[in-house]
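In terms of UniProt numbering, the sequence shown is residues 1 to 496.
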Amino acid sequence: MSNKFIRAGQYVKSNYPLYLGSKPIFNTSSTLEVIDKFTNQVVSKVPMADKDMIEQSIVIAQKACEPMKQLSAATKKQILLNIANDLEKRADEFAKAIVIEVGKPLVDANAEVGRAIDTFTCAAEESIRQYGEQIPLDISSRNLGFQGITKRFPVGPISMIAPFNFPLNLCAHKIAPSIAAGCPFVLKPSDRTPISAMLLGELLAKQTPLLPEGAFSILPTTHQDASILSKDERFKLCSFTGSPAIGWKIKNEAGKKKVVLELGGDAACIVDSATQQSRLPSIAQRILFGGFYSQGQSCISVQRVFIHESLYDQMKQLLVDGAKPLIQRMGDPMDPTTFVGPMITENDAKRVESWVNNAVSKGANLLVGGKRNDHFMQPTILENLPLDTEISCKEVFGPVFFIERFNDFKQVVQRVNSSEFGLQAGVFTDDIHKAYYAFNNIEAGAVVINDIPSVRVDAQPYGGIKESGFGREGIRHTIEEYTELKLMILKDIGKI
């Protein structure tokens, strides 16, 4: 794993500012060091916001509410298109920063930048499609002459807390709909991966004066000081992406404000008997991708694979044969040929390794992988997994999945539903009746037919049930979360 590719210094700056009320600030009382996840070296620094600065950001956001509310649809569209265009021009810079601060392989980082461009572009389109409704209210003799008109209004200041694993696009999924809805916001990026958010801050600041002064603040801060983002009643909504434990704690602290929570998952994939044999090799490749892309550090990473007994042996061999070469493609994420990079920290890699070892000690069969080298974890496949192991019932958030055979479709749907999570599931089948049965009965926010559960199209409604979250993201659906529906009732209008 030699470091043969040029890294920090060319692709990231030695320091970045935070943004308070749309303005860059380079110096505060404390700084956050950014680690290159491959070399484990400090490559950059960003200033940390304290409680006083967070308080200032809330006051500034309150003042920005009215000018944000008054933005025309055309202005919001232009702002968002400008950001998308600037992001496209600087795509390589953003991708290389993601590689360095996350450890994400370059091919995945490039894909994330492309998705972020889509996210801002889609938000620009949705900003001019916020329709109301005309409602007939003369439903009985008691209501003659009444009609109604609905319109959506911005909720007000929004607090946002973003995760490390998609530091650009998951910030984009909060920021872009906020602009489209007309809401000022305060964003806390992950303390592990703040650079992408700071680069977005540059693009946002460039939109002044189209974007009203004070419309945004991007503040790296401590977890303790960040608690005000969930507790303060001046925020009217808190959007959080991260672990279930923290997410549900935020919901309990939120008081009267709305919350949108995108939490965790242990995504299941079913390979049904009604699947053409000729498709099995491509299905195996998709499952391998879904389990191991971005080191499995995705809430919709494939973790549970249920294969019909008539296909089990063939699929098992295809998966094992396909996984072995991926172990040889572990290394420097800046190398375009790398498929598996380092995990976010060595402790996370150690945790995944311990879960694998515990499963094997309880009787699981290790089919491939299972070894750790510092903060690298090999792509790993298990079978015959006992139900009382962590990998069976918790979110791994690492490059590991298990396979299990089944012989009854209804029973395997129940097996999928036995999880405490419910984000997305995938079903490979050529039987339209089974496809609809899965859609109607799998307990998840989305069911993907004939692909892996790791699919996320950035315009789709995205979110889960049970431990996986609360509310929906996905541009139009996020805009609905970020706005309140208001009704105007009219009496005897239009009569002359």
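Glycine is no exception: its CB is placed at the ideal position from the N, C-alpha and C atoms.
What you are looking at is a predicted structure, and each value in this text was computed from that prediction instead of being measured.
| Asked | Found |
| --- | --- |
| Among E390, V271 and K231, whose alpha-carbon lies nearest the alpha-carbon of residue 532? | Absent from the model: residue 532. The displayed extent of the chain is 1 to 496, so no value can be given. |
| Who are Q134's beta bridge partners in DSSP? | I149 |
| Using 8 Å as the cut-off, can you tell me whether the stretch 396-415 makes contact with the stretch 290-309, which would need three or more C-beta pairs spanning the two stretches below that distance? | yes |
| Based on Cα-Cα distance, which residue from G341, P379, A359 and Q297 lies nearest to G322? | P379 |
| Can you tell which of T39, D36 and K45 has the C-alpha that lies nearest to the C-alpha of residue 500? | Any answer about residue 500 is impossible in this case: the structure gives the chain only from 1 up to 496. |
| Would you identify the three-state DSSP class for C393, choosing helix, strand or coil? | helix |
| Excluding the 5 residues flanking H375 on each side, which residues of the same chain have their C-beta closer than 6 Å to its C-beta? | P342, M343, E346 and A349 |
| Specify the secondary structure class of P24 as computed by DSSP and reduced to three states. | strand |
| What are the boundary residues of the alpha helix (DSSP H) that includes C269? | No alpha helix (DSSP H) holds C269; the beta strand (DSSP E) holding it covers A268 to V271. |
| Name the residue from A109, E383 and G296 whose alpha carbon lies nearest to the alpha carbon of E395. | G296 |
| Taking its Cβ as the centre, do 16 or more other Cβ atoms sit within 10 Å of E309, making it buried, or is it exposed? | exposed |
| Do three or more CB pairs link the stretch 109-125 to the stretch 169-180 at distances below 8 Å? | yes |
| For P461, which residues in the same chain have their Cβ closer than 6 Å to its Cβ, ignoring the five residues on either side in sequence? | R472, G474 and H477 |
| Per DSSP, what kind of secondary structure is C65 in: helix, strand or coil? | helix |
| In the stretch 292-331, which residue ranges form an unbroken alpha helix (DSSP H) of at least 4 residues, counting only runs that do not cross its ends? | 312-327 |
| Does the pairing of the stretch 209-227 with the stretch 16-29 give three or more beta-carbon distances under 8 Å? | yes |
| Quick check on T221: does DSSP put it in helix, strand or coil? | coil |
| Determine, using beta carbons only, whether G242 and P163 come nearer to each other than 8 Å. | yes |
| Could you tell me whether the Cβ atoms of L32 and M48 are closer together than 8 Å? | yes |
| Is the beta carbon of V416 closer than 8 Å to that of I195? | no |
| How many Å lie between K257 and G464 at the Cα? | 20 Å |
| Quick check: is any heavy atom of the ligand HEM less than 7 Å from the C-beta of A49? | For the ligand HEM, the structure offers nothing, since it holds no ligand at all. |
| State the DSSP-derived secondary structure class of F402, mapped to helix, strand or coil. | strand |
| Grab the span of the beta strand (DSSP E) containing V259 for me, first residue to last. | K258 to E262 |
| Tell me which residue opens and which closes the alpha helix (DSSP H) that T75 is part of. | A73 to K89 |
| Indicate the three-state DSSP secondary structure (helix, strand or coil) for I496 in the structure shown. | coil |
| Taking the alpha carbon of K23 as the reference point, which residue from F339, G214 and A444 has its own alpha carbon closest? | G214 |
| When burial is assigned at 16 or more other CB atoms within 10 Å of the CB, is T28 buried or exposed? | buried |
| Which one or two residues does DSSP pair with L387 in a beta bridge? | None, per the DSSP bridge assignment. |
| Could you check if I128 is buried or exposed, using at least 16 other CB atoms within 10 Å of its CB as the buried criterion? | exposed |
| Spell out the partners DSSP gives C238 in its beta bridges. | S159 and V259 |
| Please report how far the alpha carbon of P212 lies from the alpha carbon of I228, in whole angstroms. | 24 Å |
| Please tell me whether R304 and I58 are closer than 8 Å, where the distance is taken between their beta carbons. | no |
| For the alpha helix (DSSP H) containing residue 526, list its first residue and its last residue. | Residue 526 cannot be examined here, being either before or after the span of the chain that is shown, 1 to 496. |
| From F406 to D458, what distance separates their C-alpha atoms? | 33 Å |
| Identify the continuous beta strand (DSSP E) that holds P47 and give its terminal residues. | V42 to M48 |
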